[in-house]
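Numbering (the numbering used here), first residue to last: 2 to 408.
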């Protein structure tokens, strides 16, 4: 009877974490599709807008580092819930900012909520994954992708219907807050338990246990290079096709769509592969596939081959970061602060990658600049050993007093 209750509570807790990831995707994409409207209303230049957007990144980094100790104290469920509610509420601030100054402040606040949610939901996902006894982290990230697509489509529909920003804000913020309210009772159904982890891979476990500090540094570096590569693809894939192949904006968007679709599909399937072959296998061979895909993109003389290259790149990259986050959450003796630092390293890569491509393209061609993410994913393949299993899979990041009891 107790086991049935545990399985049932695990199911509801997993569904709650799925909803938090969906809310995260909805909020991010809702803001993204309305950036041009906000720019027009505030009257800022493209350069000024770029500087203001950095405040969102800065706020996110501050939020990520601040919530590490909070997870140690209160556990990831509370932090994920508070972060998601704050993100849904503060989304209204940048959407309705009337001046450049208020937009900057709004983005800093919204960024802080974004960072807290990012760390909290991923830490909670690690805890639920541990109790599930099988890899499910990639599926959580797939739901984030689905939420992003839905938010983009809804945003496009409201813009096409000429909705006012106040109406859009009321609908999207209200919907996200409602999802958070639905999530709340079940997010605590399963608490962290320092027992069996998700399992070591059959072929990728380190022959010698790495020290906690060394392993966390390696995982932070992996998160950095993987999200650097993803950020480059998100921001530059469409423009690269237009510049290198001379295609139209709509065909350039097709390239981006191929990458995003491949990332989503890959995330839904990566858990199955990880369960069979281990996380190190997913990271190593996924990264190698990404190298091949980006190599095709750089060498391609035609649009169909370019799309195929970005699809291969997306499929290879899709399951890699979830393996890193799972490993970071299962390092023996690690704390919420440690986990937040690994996530923060990834976020720095996400911000730095597109900027580095822009700077490099001033020195060489954009096509040659894309060798940077190619080198990054090649480095990730070499570092796959770091996610090869936990020598003592204790879920330390969940905070004092949180243990699993079937409800």
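Note that beta-carbon positions come from the ideal geometry of N, C-alpha and C, so glycine has one too.
### Task
Kindly indicate which three-state DSSP category residue 184 falls into: helix, strand or coil?
helix
### Query
Using the rule of at least 16 other Cβ atoms within 10 Å of the residue's Cβ for burial, across every protein chain shown, is residue 360 buried or exposed?
exposed
### Task
Scan the segment 323-390 and note each continuous beta strand (DSSP E) run of 3 residues or more that stays entirely inside, going in chain order.
none
### Task
Check the C-beta distance from residue 172 over to residue 24 and give it rounded, since I have them as a contact under 8 Å.
No, residue 172 and residue 24 are not in contact; Cβ-Cβ is about 14 Å, not under 8 Å.
#### Entry: Best match in 367, 225, 114 for proximity to residue 87 [C-alpha to C-alpha]
114
### Message
Assuming the contact rule is C-beta atoms closer than 8 Å, residue 227 and residue 318 should be a hit. Round their C-beta distance to whole Å, please.
### Response
7 Å
### Message
Under DSSP, the alpha helix (DSSP H) around residue 117 begins and ends at which residues?
### Response
101-133
### Query
Does the distance from the C-beta atom of residue 29 to that of residue 80 stay below 9 Å?
no
### Message
Measuring only the C-alpha atoms, how far is residue 127 from residue 249?
### Response
42 Å
### Query
residue 47: buried (16+ other C-beta within 10 angstroms of its C-beta) or exposed?
exposed
### Query
Between residue 212 and residue 243, what straight-line distance do the alpha-carbon atoms span, to the nearest angstrom?
47 Å
### Task
Return the first residue and the last residue of the alpha helix (DSSP H) that residue 271 is part of.
250-278
### Task
Starting from residue 145, trace the alpha helix (DSSP H) both ways and give me its first and last residue.
138-161
### Query
Helix, strand or coil for residue 189 per DSSP?
coil
### Query
Using the C-alpha atoms, what's the distance from residue 284 back to residue 303?
29 Å
#### Entry: C-alpha distance - residue 17 paired with residue 133, whole-angstrom precision
14 Å
### Message
For the alpha helix (DSSP H) containing residue 75, name the first residue and the last one.
### Response
47-75
#### Entry: Rounded separation between residue 71 and residue 216 - CA only
23 Å
### Task
Locate the alpha helix (DSSP H) running through residue 164, then write down its first and last residues.
Counting along the chain, residue 164 falls outside any alpha helix (DSSP H), and DSSP gives it neither H nor E.
### Task
Kindly indicate which three-state DSSP category residue 35 falls into: helix, strand or coil?
coil
### Query
If we call anything under 9 Å between Cβ atoms a contact, is residue 298 one with residue 238?
yes
### Task
Report all residues from its chain with a CB closer than 6 Å to the CB of residue 339; omit the five preceding and five following residues, and keep chain order.
217
### Task
Can you give me the Cβ contacts of residue 101 inside the same chain, cut-off strictly under 8 Å, excluding the 5 residues immediately before and after it?
43, 44, 45, 49, 53
### First and last residue of the uninterrupted alpha helix (DSSP H) at residue 95
93-96
### Query
If residue 145 sits next to residue 26, beta carbons under 8 Å apart, how far is it from one beta carbon to the other, in whole angstroms?
4 Å
### Query
Would DSSP call residue 301 helix, strand or coil?
coil
### Query
When the cut-off is 9 Å and only beta carbons count, does residue 87 lie next to chain C?
The structure shown contains no chain C; it is built from a single protein chain.
### Presumed contact (8 Å Cβ cut-off) between residue 272 and residue 124, rounded CB distance
Residue 272 to residue 124, Cβ: 18 Å. No contact.
### Message
Count Cβ pairs between the segment 252-271 and the segment 363-382 that sit closer than 8 Å; are there 3 or more?
### Response
no
### Three CB pairs or more closer than 8 Å across the segment 326-344 and the segment 353-368
no
### Task
Buried or exposed for residue 341, please, with buried defined as at least 16 other CB atoms from any protein chain shown within 10 angstroms of its CB.
buried
### Task
Please report how far the alpha carbon of residue 169 lies from the alpha carbon of residue 281, in whole angstroms.
43 Å
### Task
Pick out whichever of 312, 57, 153, 157 has its Cα sitting closest to the Cα of residue 231.
312
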